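Novice: I'd like to ask you about the structure that follows.
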Amino acid sequence: MLIRTALKSPGSTYRCRTRVGSNLIEEIGSHICKQITGRTCAIVTDTNVGPLFADRVKRSLTSAGFKPTLITIPAGEKSKTLKQAGAICEQMIAAGLDRQSFIIGLGGGVIGDLSGFVAAIYHRGIPHVQIPTTLLAMVDSSIGGKTGVNTADGKNLIGAVHQPSLVIDNVNVLKTLPRREFSQGFAEIIKHAIIADATMFAQLQSWEPSSPRRPLALQRLIKRNIEIKSKIIAKDEYDRTGTRAVLNFGHTVGHAIERAGNYKRFLHGEALSLGIVAACAVSRKKAGLLRREHDAVIELLQRFKLPTRLPKNFPRQKIFDALKFDKKFEGGKIRFVVTPRIGSARVATNVTLADLRDAVNDL
Ligand SMILES: NC(=O)c1ccc[n+]([C@@H]2O[C@H](COP(=O)([O-])OP(=O)(O)OC[C@H]3O[C@@H](n4cnc5c(N)ncnc54)[C@H](O)[C@@H]3O)[C@@H](O)[C@H]2O)c1
Ligand SMILES: [Zn+2]
1 MLIRTALKSP
11 GSTYRCRTRV
21 GSNLIEEIGS
31 HICKQITGRT
41 CAIVTDTNVG
51 PLFADRVKRS
61 LTSAGFKPTL
71 ITIPAGEKSK
81 TLKQAGAICE
91 QMIAAGLDRQ
101 SFIIGLGGGV
111 IGDLSGFVAA
121 IYHRGIPHVQ
131 IPTTLLAMVD
141 SSIGGKTGVN
151 TADGKNLIGA
161 VHQPSLVIDN
171 VNVLKTLPRR
181 EFSQGFAEII
191 KHAIIADATM
201 FAQLQSWEPS
211 SPRRPLALQR
221 LIKRNIEIKS
231 KIIAKDEYDR
241 TGTRAVLNFG
251 HTVGHAIERA
261 GNYKRFLHGE
271 ALSLGIVAAC
281 AVSRKKAGLL
291 RREHDAVIEL
301 LQRFKLPTRL
311 PKNFPRQKIF
321 DALKFDKKFE
331 GGKIRFVVTP
341 RIGSARVATN
351 VTLADLRDAV
361 NDL
């Protein structure tokens with residue numbers, strides 16, 4: 001089954017071209033042919049994903065008439081650096097890739113962000129195709145065009161908005177994804193449900209997370225999430241009016257927890273899950289979220305094996321310290337996303353650091 005998603009919002013140039021299906025790898029070449037005129041490309045992948053799928057992607061591209069160069073980098077967040085971006089650019093120059101070429105990111109969010117950043121700067125910008133291989137990348141990081149790398153001081157401090165020309169979500173690749181990585185994708189899905197889709201929230205409440213990864217149900221769910229994120233981005237592509245900020249729901253505290261755990265203790269989605277719990281506690285206090293809905297969120301996160309309590313011995317002070325690094329605290333103002341009821345969200349200006357401290361202490 002193939003689901004085509006092409007959203008265009010009135011008054012906006014933002015467009016999200018996505019193919020969602022199973023068994024799409026063999027068709028990658030022909031899908032790209034329809035969107036991109038260049039013939040040469042780099043496939044950027046990592047040491048886990050490359051051995052699993054790169055050969056098939058390469059074959060599909062070659063038989064469609066493309067000339068791909070494979071670039072494999074070490075798996076993991078530590079590869080998302082300016083140095084690695086430079087090394088990829090140099091390999092592309094050595095392979096003779098020019099401004100007519102394009103880049104394919106084959107991997108999770110790390111590969112998507114890094115290859116997208118290279119696409120944004122190589123010859124001042126060449127097309128980017130994303131082939132996400134994690135659930136998180138399919139429902140979140142491949143959509144919206146945010147690309148970038150980390151520095152020693154923090155995540156995603158250097159980057160560019162560079163929309164992908166095409167995103168190809170082949171759900172069958174998720175079969176090899178480790179369980180923890182699969183589960184963390186649901187934190188972003190649950191976030192989307194809370195901020196924009198009460199119906200999807202109810203569907204997730206009866207989703208059977210322990211059953212095999214049902215391709216059809218997954219395709220529908222991924223498509224729905226792409227639509228939710230795209231609709232929000234189409235209204236505020238460059239994060240200027242505050243509309244896009246609702247996507248940060250749960251991330252203020254989530255990022256601080258990720259940082260406090262040195263990016264090792266929790267996966268992004270796990271830290272986000274805890275951040276969602278904190279944001280719901282703040283929403284109860286400051287936005288009128290009902291206890292019943294607050295409890296339903298926690299139950300849903302637990303259903304997908306996501307953490308809702310911090311380990312007792314976790315150094316909470318490190319979370320408070322990390323909150324200072326959050327970009328949302330710039331200029332001393334707190335822009336905190338609350339949910340007054342499931343299916344809606346807004347940026348609140350009446351949330352204080354003391355509220356966040358209470359919420360973190362209760363985790
Ligand atoms: N650009 C955005 O809007 C945005 C949004 C959210 C997150 N992100 C970024 O995304 C990154 C996290 O993404 P992620 O969780 O996908 O991490 P990841 O890319 O590190 O992938 C997680 C792990 O799974 C492995 N893997 C990937 N696909 C696999 C598969 N099909 N089978 C087996 N193993 C596989 C990877 O090699 C890696 O070890 C972070 O850097 C975060 O900042 C960006
Ligand atoms: Zn996130």
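Number 69 in our numbering belongs to position 69 of the sequence shown; there are no gaps in the numbering.
Glycine included, C-beta positions come from ideal geometry on N, C-alpha and C.
No experiment lies behind these values; they were computed from the predicted model shown.
1) Taking histidine 128 as the reference, which of Lys231, Ile298, Thr252, Arg17 has the closest Cα?
2) Is leucine 272 near ligand 3 - that is, is its Cβ less than 6 Å away from at least one heavy atom of it?
3) CB-CB under 6 Å to valine 347, same chain, minus the five flanking residues each way: which ones, in chain order?
4) Evaluate aspartate 140 with the Cβ neighbour count: other Cβ atoms within 10 Å of its Cβ, from every protein chain shown; 16 or more gives buried, anything less gives exposed.
5) Please go through the region 134–179 and give each complete beta strand (DSSP E) segment of 3 or more residues, from N-terminal end onward.
6) Can you confirm whether the region 154–171 touches the region 221–238 when touching is taken to mean that 3 or more C-beta pairs between the two stretches lie within less than 8 Å?
7) Within the present structure, is the beta-carbon of leucine 218 separated from the nearest heavy atom of ligand 1 by less than 6 Å?
8) What does DSSP give as the partner residues of threonine 40 in its beta bridges?
9) For serine 206, count neighbouring C-beta atoms within 10 Å of its own C-beta (all shown protein chains included) and say buried if the count is 16 or more, exposed if not.
10) For glutamine 130, which of helix, strand or coil comes out of DSSP?
11) Please determine, among Lys312, His268, Tyr238, Ala345, the residue with the shortest C-alpha to C-alpha distance to lysine 286.
12) When you compare the region 303–315 with the region 179–188, are there three or more beta-carbon pairs, one atom per stretch, that lie closer than 8 Å?
13) Within the continuous alpha helix (DSSP H) that includes glycine 109, where are the two ends?
14) Since I believe isoleucine 319 is in contact with valine 360 (beta carbons under 8 Å), could you give me their beta-carbon distance rounded to a whole number of angstroms?
15) By alpha-carbon positions, which one of Glu77, Arg56, Ser79, Lys78 ends up nearest to proline 68?
16) When you measure from the CB of aspartate 113 to every non-hydrogen atom of ligand 1, does any distance come out below 6 Å?
17) What does the alpha-carbon distance come out to for the pair glycine 144 and serine 183?
18) Helix, strand or coil for alanine 279 per DSSP?
19) Taking only runs of the beta strand (DSSP E) that begin and end inside the region 46–93, which ones reach a length of at least 3 residues, in chain order?
20) Under 8 Å by Cβ, that's how I've got isoleucine 228 and histidine 192 pegged, so tell me the actual separation to the nearest angstrom.
21) Below 8 Å, how does it come out for the region 74–91 and the region 22–39: are there three or more Cβ pairs, yes or no?
22) Tell me leucine 106's beta-bridge partners as DSSP assigns them.
23) With three or more beta-carbon pairs closer than 8 Å as the criterion, would you say the region 260–267 touches the region 228–240?
24) Could you check whether the Cβ of asparagine 48 sits closer than 6 Å to any heavy atom belonging to ligand 1?
25) When you compare only the Cα positions, how much space is there between valine 49 and arginine 316?
26) For valine 347, report the span of its beta strand (DSSP E) as first-last.
27) DSSP state of threonine 243, grouped into three classes?
28) With DSSP as the reference, label phenylalanine 186 as helix, strand or coil.
29) Grab me the residues of glycine 76's own chain with a C-beta within less than 8 Å of its C-beta, minus the 5 sequence neighbours each way, in chain order.
30) Going by CA-CA distance only, name the one from Ile36, Ala260, Thr352, Gly159 that's closest to asparagine 313.
31) Using a 10 Å radius around the Cβ and a threshold of 16 neighbouring Cβ atoms, would you call aspartate 113 buried or exposed?
32) On the criterion of 16 or more Cβ atoms from any shown chain inside 10 Å, does alanine 152 qualify as buried, or is it exposed?
33) According to DSSP, which residues form a beta bridge with phenylalanine 336?
34) Go ahead and pull the three-state DSSP assignment for lysine 312.
35) Assuming the contact rule is C-beta atoms closer than 8 Å, valine 277 and threonine 308 should be a hit. Round their C-beta distance to whole Å, please.
36) Verify the contact flag: aspartate 140, CB atom, against every heavy atom of ligand 1, threshold strictly below 6 Å.
Specialist: Checking against the coordinates, here is how it stands:
1) Arg17
2) Summarising the ligand content, the structure contains ligand 1 and ligand 2 and does not contain ligand 3.
3) Gly242, Ala245, Arg335, Val337
4) buried
5) 146–151, 154–161, 166–170
6) yes
7) no
8) Lys67
9) exposed
10) strand
11) Ala345
12) yes
13) 109–121
14) 5 Å
15) Arg56
16) yes
17) 22 Å
18) helix
19) 67–73
20) 5 Å
21) no
22) Thr45, Ile131
23) no
24) yes
25) 35 Å
26) 346–348
27) coil
28) helix
29) Asp46, Val110
30) Ala260
31) buried
32) exposed
33) Ala348
34) coil
35) 5 Å
36) yes
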